[in-house]
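Asks:
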Amino acid sequence: MKTLLKLTVLTAFLTVIFQSCQKENIYEGIIVSEFDFGRCFPPFGEAGDEYVITNDSLYRNLLKFGVTVCENYTLPDIDFSTYTLLGKYTVSDGEPKYYKREVIKDENGRKYIYSIFIKCKNNYKAALSMNWVLVPKLPEGYSVEFSVEVD
65 MKTLLKLTVL
75 TAFLTVIFQS
85 CQKENIYEGI
95 IVSEFDFGRC
105 FPPFGEAGDE
115 YVITNDSLYR
125 NLLKFGVTVC
135 ENYTLPDIDF
145 STYTLLGKYT
155 VSDGEPKYYK
165 REVIKDENGR
175 KYIYSIFIKC
185 KNNYKAALSM
195 NWVLVPKLPE
205 GYSVEFSVEV
215 D
């Protein structure tokens with residue numbers, strides 16, 4: 065009986081450990097998906113940089129800010145009649161264990177609120193990220209509020 069109890073506890077413990085290790089990125093709220101520009105368009109920016117991309121013209125302007133590392137790079141397609149692209153430049157205080165990104169729609173405040181939480185290891189290996197996400201098209205008259213918390 066004690067062996068069965070020990071085995072059950074060990075199995076539960078290992079399940080929790082392995083599941084928590086796999087949570088590198090968490091997306092919640094109205095986020096449709098993470099957006100990846102690919103390896104040819106590395107993160108760029110400075111502290112405080114925030115992006116609300118609602119049309120093709122604004123999207124193409126990103127090429128003026130970022131430097132591509134591949135010849136003949138083209139931006140991935142986005143249907144801006146359906147989606148808005150949000151991005152927030154962050155630098156972590158240590159190597160990130162995971163990012164939790166959440167966008168909520170505040171109808172009373174007429175805004176989307178994009179919150180980024182970064183859980184870090186204490187090893188002084190900082191990382192930068194543009195935190196690009198696709199969300200449903202930003203309604204007319206809405207704004208976007210960004211917040212970042214680093215632990």
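Last residue of the sequence shown: 215 (our numbering), numbering continuous.
Idealized CB from N, CA, C, for every residue including glycine.
Work out the CA separation of Lys161 and Lys185 for me, nearest whole Å.
Replies: 6 angstroms
Asks: Buried or exposed, going by whether 16 or more other CB atoms sit within 10 Å of the CB of Gly112?
Replies: exposed
Asks: Cβ of Thr154 within 9 angstroms of Cβ of Ser193?
Replies: yes
Asks: Going by DSSP, which residues form a beta bridge with Lys154?
Replies: The residue asked about is misnamed: residue 154 is Thr in this sequence, not Lys. DSSP output for Thr154 lists Ser193 as bridge partner(s).
Asks: Counting only the same chain and skipping the five closest in sequence on each side, list residues whose C-beta sits under 6 angstroms from that of Trp196.
Replies: Phe99, Gly151
Asks: By how many angstroms is the C-alpha of Glu166 removed from the C-alpha of Gly93?
Replies: 5 angstroms
Asks: For Phe181, name the three-state secondary structure that DSSP assigns.
Replies: strand
Asks: With distances taken between CB atoms, is the gap from Pro200 to Thr118 smaller than 9 angstroms?
Replies: no
Asks: Please say whether Ser207 and Lys175 have beta carbons closer to each other than 9 angstroms?
Replies: yes
Asks: Hey, Tyr115 and Phe144: beta-carbon distance below 9 angstroms or not?
Replies: no
Asks: Identify whether Asp141 lies in helix, strand or coil by the three-state DSSP scheme.
Replies: It is coil, neither helix nor strand.
Asks: Does the beta carbon of Phe210 sit closer than 9 angstroms to a beta carbon anywhere in chain C?
Replies: The structure shown contains no chain C; it holds only a single protein chain.
Asks: List the DSSP bridge partners of Arg165.
Replies: Tyr91, Ile180
Asks: Contact defined as beta carbons within less than 8 angstroms: I believe Glu159 pairs with Lys189. What is the distance between those atoms, to the nearest angstrom?
Replies: 4 angstroms
Asks: What number of angstroms, rounded off, separates the C-alpha of Pro28 from the C-alpha of Asn125?
Replies: In the structure as shown, the chain begins at 65 and stops at 215. Residue 28 is therefore absent and cannot be evaluated.
Asks: Could you give the DSSP three-state label for Asp100: helix, strand or coil?
Replies: coil
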